[in-house]
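Student: One structure, pasted below without further comment.
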Amino acid sequence: MTVLIALLIIPFAWALSNSMIIPILPQIQTALSITDVQAGLLITALSVPTAIFLPFSGFLSDHYGRVKIMIPALILYGLGGAAAFCSGILGSYPLMVCSRIVQGVGASGTNLLALSYAGDLYTGHDRTRILSYLEAANSTGKLVSPLLGTAAAALAWYAPFLIYPLVCLLAIVGLVLFKAQPRQAPEKLNLKQYFKTLWTLLVEKGRSLTAALLAAFITVFIWFGNLYFVSEQLAEQNLHGMTSGLLLSLPVLTMAVTAVVTGRYLQRFGLVRLITAGLVLISAAAAAALILPPWFLLYALAALTGIGMGMIMPALNSLIVGAADIKKRGVVSAFYGSIRSLGSALAPVGFGLILNYGINPTLTAAAVLALMGVGITLLINETELMESGSN
């Protein structure tokens, strides 16, 4: 239980990466006299290094062990936050960008390695349950991060950056004190063997693993696209500040609650069935929003999408993390993380382009995309996918 607490802090810390800073970007702009584009670069400066370094973090974790990589990664992530705090005191925008890059490198060795580590320590239904808890911890971080950011910024606009090292310190202490040994040691591969292993897994698991990864991309794409879409609708209705924040937190809250319930009670229905049901729910909600009153668009669509996401992601985590044995799990988890990052990066752009044609085409696209996800999910053979990943 103690190692689980340490693991839960890691996805929570990872969720703070951008979500805590976005609400205070206007204050940062004013304080540093920078443009909208320059402020946006503070988000990009973290996200791009994370996506680039994720596969290498997975390689290193397979080679040296999860904890031996997670601890230095958390140190980098925390030091980057501390450096950003100092850059705020100094009023240096370039230093703040560099600090966020350091954070991005560190972030690449946090959440997905925590998933791998949990996959190493637990098996069967316990693995599904624990992975759902990690997803819920990540969702909780996304839920409270805007509140943490705005509360800390009331003291000083750069104060939120100090939260990163504090949270990372808790996670590091937990990992050092309570780390558990997996039943097998990771296989030490060179970089060429590492990427060859990924290719071999894709060939061996073929249709099922590829389908699971595509389903993950579609789900994350719809999720972040939905958040972007709802935020645009709130802005059009002149809903700002705390009202907007509370409405945007609604899908995150429903996702977090559903993720916990999924792990504890719903796993008995089968992981593929859960993913399918979640995508059907999201598609139905988007289709219903085409004909129902505007309040449904803002409230029910957001909440139902969160419920669907809470059903899908814990099941996908368990399927994909469980697709490989302990010796290859870091490879799969890192690639999975890159797919998720790609979905979140493309969603605002994709939904933004479709939204230019109107609300109805956007909702139709979301509904159709979710149904495509259902078709792809039905290609997954759950038994075949997880038969070598039970260790």
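Per this note's numbering, numbering of the sequence shown is gapless, rising by one per residue and ending at 410.
A virtual CB, placed ideally from N, CA and C, is assigned to each residue, including glycine.
This structure is a prediction, so every number in the text was calculated from the model and none was measured.
Hey, could you find the ends of the alpha helix (DSSP H) Ser337 is sitting in?
Tutor: For the purposes of this step, residue 337 is identified with residue 318 of the sequence shown, where counting begins at 1. From DSSP, the alpha helix (DSSP H) with Ser337 extends over Leu320 to Val340.
Student: So, with DSSP's three-state summary, where would you put Gly377?
Tutor: Residue 377 sits at position 358 when you count from the first residue of the sequence shown. Three-state DSSP puts Gly377 in coil, outside helix and strand.
Student: Going by DSSP in three states, Tyr355 sits in which element: helix, strand or coil?
Tutor: As a first step, residue 355 must be located in the sequence shown, where it is residue number 336. Three-state DSSP puts Tyr355 in a helix.
Student: Span of the alpha helix (DSSP H) holding Leu95?
Tutor: For the purposes of this step, residue 95 is taken as the residue at position 76 of the sequence shown. From DSSP, the alpha helix (DSSP H) with Leu95 extends over Arg85 to Leu109.
Student: Report the rounded CA-to-CA distance for Ser352 versus Ile294, giving the unit in angstroms.
Tutor: Reading the sequence shown from its first residue, position 333 is the one you call residue 352. Reading the sequence shown from its first residue, position 275 is the one you call residue 294. Going by the C-alpha atoms only, they are around 18 Å apart.
Student: Any chance the region 323-330 sits against the region 270-284, with 3 or more Cβ pairs inside 8 Å?
Tutor: Yes: the two stretches touch, three or more of their Cβ pairs being nearer than 8 Å.
Student: Quick check on this structure: which residue in Lys224, Thr277 and Leu266 has the alpha carbon closest to the alpha carbon of Thr402?
Tutor: One-based indexing of the sequence shown puts residue 402 at position 383. When each option's Cα is compared against that of Thr402, the closest is Lys224.
Student: Please identify the residue among Ala70, Phe288 and Val280 whose C-alpha is closest to the C-alpha of Glu154.
Tutor: For the purposes of this step, residue 154 is taken as the residue at position 135 of the sequence shown. Ranking Ala70, Phe288 and Val280 by Cα distance to Glu154 puts Val280 first.
Student: Please report the distance separating the alpha-carbon of Arg148 from that of Gly341.
Tutor: The residue given as residue 148 occupies position 129 in the sequence shown. The residue given as residue 341 occupies position 322 in the sequence shown. Going from the Cα of Arg148 to the Cα of Gly341 covers about 13 Å.
Student: With distances taken from CA atoms, which of Met39, Asp139, Cys105 and Gln48 is nearest Ile339?
Tutor: Here residue 339 is taken as the residue at index 320 of the sequence shown, counted from 1. It is Asp139.
Student: Could you give the DSSP three-state label for Ser76: helix, strand or coil?
Tutor: Counting from one through the sequence shown, the residue named residue 76 turns up at place 57. Ser76 falls in the helix class under three-state DSSP.
Student: Measure the C-alpha to C-alpha separation of Leu189 and Leu114 and round it to an integer number of angstroms.
Tutor: Here the question's residue 189 lines up with position 170 in the sequence shown. Here the question's residue 114 lines up with position 95 in the sequence shown. Roughly 26 Å between the two C-alpha positions.
Student: Contact between the region 116-135 and the region 237-253 is defined here as three or more beta-carbon pairs at a separation below 8 Å; is this criterion met?
Tutor: Flag = no, the region 116-135 and the region 237-253 do not touch.
Student: So, for Ile395: in the same chain, excluding its five sequence neighbours on each side, which residues have a beta-carbon less than 8 Å away from its beta-carbon?
Tutor: Locating residue 395 in the sequence shown gives position 376, where the first residue counts as 1. Counting only Cβ-Cβ distances below 8 Å, and skipping sequence neighbours, we find Ala230, Leu233, Ala234 and Ile237.
Student: Can you check whether the CB of Trp176 is closer than 8 Å to the CB of Ile90?
Tutor: Mapped onto the sequence shown, residue 90 falls at position 71. Mapped onto the sequence shown, residue 176 falls at position 157. Cβ atoms of Ile90 and Trp176: not closer than 8 Å.
Student: Quick one: grab the DSSP three-state call for Ile43.
Tutor: Numbered from 1 along the sequence shown, position 24 holds the residue referred to as residue 43. Ile43 falls in the helix class under three-state DSSP.
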